[in-house]
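In what follows, a structure is listed as structure tokens, so that the remarks can point back to it.
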Amino acid sequence: MHKLIREAIWLKAEGLNIRLTPSLGLAAYPADSKTKEGLLHLADEAMYLVKNTDRDRVAAANMGILPMEGSIAGEAAG
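Counting along the sequence shown from 1, when you hit position 70 you're at 120 in the numbering used here, and nothing is skipped either side.
This is how it looks when you write it as structure tokens:
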């Protein structure tokens with residue numbers, strides 16, 4: 051999702067050519083929390099971790115900021 055949002059050009063037909071840099075946080079059920087409130091809280095915390103540090107990245111609850119696709123860490127894993 052991060053890559054799709056980041057690479058899209060928005061409102062192109064209107065001549066605006068807007069690019070977005072998303073900061074995303076995620077949490078998984080049931081590994082991170084078993085309640086809706088807990089999941090939202092953890093995902094929100096992960097998003098703010100990204101917003102307050104790197105920006106334009108993805109963070110996971112209890113894991114921190116994830117490596118970018120195509121980075122050295124991502125290439126080693128894939």
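Every residue gets a Cβ at the ideal spot worked out from N, C-alpha and C, and that includes glycine. All figures in this text were calculated on a predicted structure; none of them were measured in a lab.
CA nearest to the CA of residue i, picked from the options
i: Glu-70; options: Leu-61, Ala-110, Ala-78 and Ala-81; result: Here the sequence assigns Leu to residue 70, which means Glu is not the residue at that position. Here the closest residue by C-alpha is Leu-61.
i: Arg-107; options: Met-51, Thr-85, Leu-90 and Ser-73; result: Ser-73
i: Met-113; options: Ala-78, Ala-58 and Thr-85; result: Ala-78
i: Val-100; options: Gly-88, Pro-117, Leu-66 and Ile-68; result: Pro-117
Beta-carbon spacing of residue i, residue j below 7 angstroms
i: Ala-110; j: Leu-76; result: yes
i: Asp-82; j: Leu-92; result: yes
The ligand GTP heavy atom lying under 6 angstroms from the CB of residue i
i: Arg-107; result: Among the components of this structure there are no ligands whatsoever, and the ligand GTP is therefore not found.
Residue i - partner residues in DSSP beta bridges
i: Ile-59; result: Partner(s): none; Ile-59 has no beta bridge.
Where the beta strand (DSSP E) containing residue i begins and where it ends
i: Gly-75; result: 74–76
i: Ala-81; result: Looking at the DSSP string, Ala-81 is not in any beta strand (DSSP E), and its letter there is neither H nor E.
Boundaries of the alpha helix (DSSP H) in which residue i is found, first to last residue
i: Ala-111; result: Here Ala-111 belongs to no alpha helix (DSSP H), and DSSP marks it neither H nor E.
i: Glu-33; result: There is simply no residue 33 to check, as the chain begins at 51 and stops at 128 in what is shown.
i: Met-97; result: 86–101
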